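Following my numbering, the numbering of the sequence shown begins with -7 at its first residue and continues without gaps.
C-beta atoms are modelled at their ideal positions from N, C-alpha and C, and glycine is treated no differently.
Quick caveat, the model's predicted, so the values are computed rather than measured.
Okay, so here's the structure we're looking at.
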Amino acid sequence: MATPYGGLMGARGRQKSTVKLLWILGIIFFMLLGLDTLGVVQKQDWIQSLDAFFIGVIRTPAPTQGIWLKFVLVSTWFAQSKLTTPIALLIAAWWVFQKRTALGVWFFSTVFVGEVALKGLKQLVARPRPATNGELYLAHGFSFPSGHALAAALFYGLFAFLLCSSRASLGAKVGGFVLLFLWIFLMMYDRVYLGVHYPTDVLGGFCLGLGFVCCSMGFYLGSLKQNGRS
């Protein structure tokens, strides 16, 4: 016969498994980032082959002025850190106002620390932009990793995982998670299509962002939420 105590223990066991999985996924994403970074720094053949293949897929036929380019230019705007970071701060402030201080501080800290790590890695690797930068759109600064891919993975990725940990229906969780990740992948596609990043740049930004999201979610579920601080 099932008891409330047994149900509670089962729920805690599932949450512990989820936390463990999140930390493992975070470590995997950081390992992939390390592999990508090493390949870029050493200019390894597989990096150049990967870039050439996906550039050929994404930018063939060659991008031209038109409705699709306008859509890409508009959609990529939603992945810039100048937008996601202030919005993250506003959301965090709203949660603090609702007396969910730990959740608000945790959310903004994850986004902020991820952005700081990005800036440091860009300066460390110092990869120049592709020769196609400026043909359709001009981007500034170093190329690796992609700041837009990082911002999208951090901001929208956090919401995807928060949705999955909420009390929403299974359909809402699955649908929201899939849509948010399709949006992230679109942001990654946009940067290569515009010629301002190599595919391995957006891969690096994605791995960096998801690494932070998974590890931070593991901390949130394992410590803050479990102890009733959010």
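Practice task
Compare the beta carbon distance of C156 and W15 with 9 Å and say whether it is the shorter of the two.
Solution key: Against a cut-off of 9 Å, the Cβ pair of W15 and C156 comes out as no contact.
Handout entry: Rounded Cβ spacing between T68 and D182 (contact assumed at less than 8 Å)
Key = 4 Å
Exercise for the section: Decide if D43 is buried, meaning its Cβ has at least 16 other Cβ atoms within 10 Å, or exposed. Expected result: buried
Exercise for the section: Would you check if the stretch 30 to 46 and the stretch 199 to 215 touch, i.e. whether three or more CB-CB distances between them fall below 8 Å? Expected result: no
Exercise for the section: Tell me whether Q40 sits in a helix, a strand or coil according to DSSP, three-state version. Expected result: helix
Handout entry: Endpoints, alpha helix (DSSP H) assigned at P78
Key = 73 to 89
Exercise for the section: Under 6 Å Cβ to Cβ from A118, same chain only, skipping five residues before and after it: list those, please. Expected result: F134
Practice task
Determine the direct distance from the alpha carbon of V103 to that of I83, and round the result to whole angstroms.
Solution key: 12 Å
Problem - Q115, enclosing alpha helix (DSSP H) - first and last residue - result: From DSSP, the alpha helix (DSSP H) with Q115 extends over 93 to 117.
Practice task
Check each candidate in V88, K91, L13, F136 and name the one with the smallest Cα separation from K111.
Solution key: F136
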